[in-house]
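Under my numbering, the final residue of the sequence shown carries the number 417; numbering is consecutive throughout.
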Amino acid sequence: MTHLKIKFKMKISAALLLAGVHILHAAKPGNASTDPKEAAKDPDFAIQGEYAASPAIGKGSGGYGLQVVALGDGKFQAALYNEGLPGSGAENKEFVLLNGETKDGRTTLKASGGETVVISGNTATGTKGDEKLFVYDRVNRKSPTLGKKPSKGAKILFGGKGADRFSDGKKLDGELLKEGVVSMDSFGDFTLHLEFRTPYKPKTKPGSQDRGNSGVYIFNNYETQILDSFGIKGEFNFCGALYRNKPPAVNMCLPPLTWQTYDIEFTTPRFKDGKKVKNARITTRHNGVVIHDDYELHKGTGAGGGRPEKEKGQIHLQGHGNPVRFQNIWLVEK
Numbered sequence: 084m085t086h087l088k089i090k091f092k093m094k095i096s097a098a099l100l101l102a103g104v105h106i107l108h109a110a111k112p113g114n115a116s117t118d119p120k121e122a123a124k125d126p127d128f129a130i131q132g133e134y135a136a137s138p139a140i141g142k143g144s145g146g147y148g149l150q151v152v153a154l155g156d157g158k159f160q161a162a163l164y165n166e167g168l169p170g171s172g173a174e175n176k177e178f179v180l181l182n183g184e185t186k187d188g189r190t191t192l193k194a195s196g197g198e199t200v201v202i203s204g205n206t207a208t209g210t211k212g213d214e215k216l217f218v219y220d221r222v223n224r225k226s227p228t229l230g231k232k233p234s235k236g237a238k239i240l241f242g243g244k245g246a247d248r249f250s251d252g253k254k255l256d257g258e259l260l261k262e263g264v265v266s267m268d269s270f271g272d273f274t275l276h277l278e279f280r281t282p283y284k285p286k287t288k289p290g291s292q293d294r295g296n297s298g299v300y301i302f303n304n305y306e307t308q309i310l311d312s313f314g315i316k317g318e319f320n321f322c323g324a325l326y327r328n329k330p331p332a333v334n335m336c337l338p339p340l341t342w343q344t345y346d347i348e349f350t351t352p353r354f355k356d357g358k359k360v361k362n363a364r365i366t367t368r369h370n371g372v373v374i375h376d377d378y379e380l381h382k383g384t385g386a387g388g389g390r391p392e393k394e395k396g397q398i399h400l401q402g403h404g405n406p407v408r409f410q411n412i413w414l415v416e417k
């Protein structure tokens, strides 16, 4: 590339930044699967997931909870909780990390402290030395707000039959909405219901920003991160986080290709004579569990922190080079 071309490219990028355009370097989709039927062709897909005494969210099941993360080619890591799964007892508790692989039809995971889990079929058996810790079946937890019907007076942003409420209404995958769209309308204070599904990308390292990355960007200022951060500790740039600002109180991320929900109550900042007199506030429920409780946002999150705040704005479902899918999106203005 010539020196002149480099300078020209730099000028274009600078101009876009000054215009407030959110520039992202798109990641390659790689080995991503967006269809559970397609993902099921990988035998690891049937092993990854959750194992517990109860499939319910919000009800402490007692005992242990196990989250198994696929790493590709028959390899796995897992988080073993001693008070149930996150949202059902293990509220941001520490977990025991296990690693292992599948051989001869059995998946064996081991921890440095002596805990061992053997998965055969849909059943996981946990032991430590001669002590049997648990025998649990694989469970498929669902958000209690999944499929929630729009409240009275709601604006339907996406219901599966066209996306004309978004700037790029052709971004459909059958009856699902693709990432990388912006709402046509602007809003003030609101309550938002949204359902999303991260892709299955086992060969991408857990916690990588290339493992199912998207986000719910409010007014191009405040981002609630979307990421496949299932089975790992919640961080400030993982699923449910107010991006690079505050981690979720509980890592409620479910396995990839599981439908998940965000229910967001947002109050805009207030201004008087051009000066901000009140900060924005947000309450977020991830799969029915409160992960941010009336949290005060002193400024935007991540790159949004450098942009002017406002009392009305659009909803942006961030495109970040990963095939995240959305359904049942609606909003009620307060």
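Backbone N, C-alpha and C define an ideal beta-carbon position, used for all residues, glycine too.
Counted within 10 angstroms of its Cβ, other Cβ atoms place residue i as buried (16 or more) or exposed
i      : result
LYS205 : Here residue 205 is Asn; the residue named in the question, Lys, does not match the sequence. Classification of ASN205: exposed, given that the 10 Å Cβ count is below 16.
ASN114 : exposed
PRO331 : buried
VAL200 : buried
ARG408 : buried
ASN223 : exposed
GLY132 : buried
HIS381 : exposed
ALA207 : buried
ARG189 : exposed
VAL218 : exposed
ALA123 : exposed
PRO119 : exposed
SER171 : buried
ASP127 : buried
LEU414 : buried
GLY155 : exposed
LEU211 : Looking at the sequence shown, residue 211 is not Leu but Lys. Looking at its Cβ environment, which holds fewer than 16 other Cβ atoms inside 10 Å, LYS211 is exposed.
GLU416 : exposed
GLY141 : exposed
LYS261 : buried
GLY314 : buried
VAL360 : exposed
LYS461 : Residue 461 cannot be examined here, being either before or after the span of the chain that is shown, 84 to 417.
Opposing strand residues paired with residue i [DSSP bridges]
i      : result
TRP413 : ILE239, HIS276
ASP293 : BP columns for ASP293 are empty, so no partner.
ARG224 : For ARG224, which the question treats as bridged, DSSP gives no partner whatsoever.
TYR147 : The partner list for TYR147 (beta bridge, DSSP) is empty, contrary to what the question assumes.
GLU306 : TYR300
LEU325 : THR307, LYS329
SER266 : PHE249
LYS359 : PHE354
LYS186 : ARG189
HIS375 : THR367
ARG408 : LYS261, ARG280
Where the alpha helix (DSSP H) containing residue i begins and where it ends
i      : result
LYS176 : No alpha helix (DSSP H) contains LYS176, which DSSP labels as neither H nor E.
ALA122 : 119–122
Extent of the continuous beta strand (DSSP E) to which residue i belongs
i      : result
ALA161 : 158–164
ALA207 : 206–211
ARG364 : 363–369
THR421 : Outside the modelled stretch of the chain, which goes from 84 to 417, sits residue 421, for which no answer is possible.
LYS382 : Premise fails: LYS382 is in no beta strand (DSSP E) and is neither H nor E.
LYS261 : 259–261
HIS399 : 398–400
VAL129 : Just to set this straight, residue 129 is Ala in the shown sequence, not Val. Per DSSP, ALA129 belongs to no beta strand (DSSP E) and is neither H nor E.
LYS284 : Where LYS284 is concerned, there is no enclosing beta strand (DSSP E), given that its DSSP letter is neither H nor E.
SER203 : 198–203
LYS355 : 353–355
LEU337 : No beta strand (DSSP E) holds LEU337; DSSP gives it neither H nor E.
LEU192 : 189–193
7 Å Cβ cutoff, residue i in contact with chain B
i      : result
ASN411 : Absent from the structure: chain B. Only one protein chain is present.
Residue i beta carbon near the ligand ADP (any heavy atom closer than 6 Å)
i      : result
GLU392 : Questions concerning the ligand ADP fall outside what the structure shown contains, since it holds no ligand whatsoever.
Next on the checklist: Would the stretch 345–354 count as touching the stretch 283–290 if we require 3 or more Cβ pairs under 8 Å?
Outcome noted: Counting Cβ pairs under 8 Å, fewer than three are found: no touch.
Next on the checklist: With three or more C-beta pairs closer than 8 Å as the rule, is the stretch 234–253 touching the stretch 362–373?
Outcome noted: At 8 Å Cβ cutoff, the stretches do not touch.
Next on the checklist: Quick check: the stretch 227–234 against the stretch 150–166, are at least 3 beta-carbon pairs closer than 8 Å?
Outcome noted: Short answer: they don't touch.
Checklist entry - How do the stretch 384–398 and the stretch 331–341 stand: do at least 3 beta-carbon pairs fall below 8 Å, yes or no? => result no
Item to check | Inter-stretch contact at 8 Å, needing at least 3 Cβ pairs: the stretch 394–413 / the stretch 371–381 | outcome: Judged by Cβ distances under 8 Å, the stretch 394–413 makes no contact with the stretch 371–381, as fewer than three pairs qualify.
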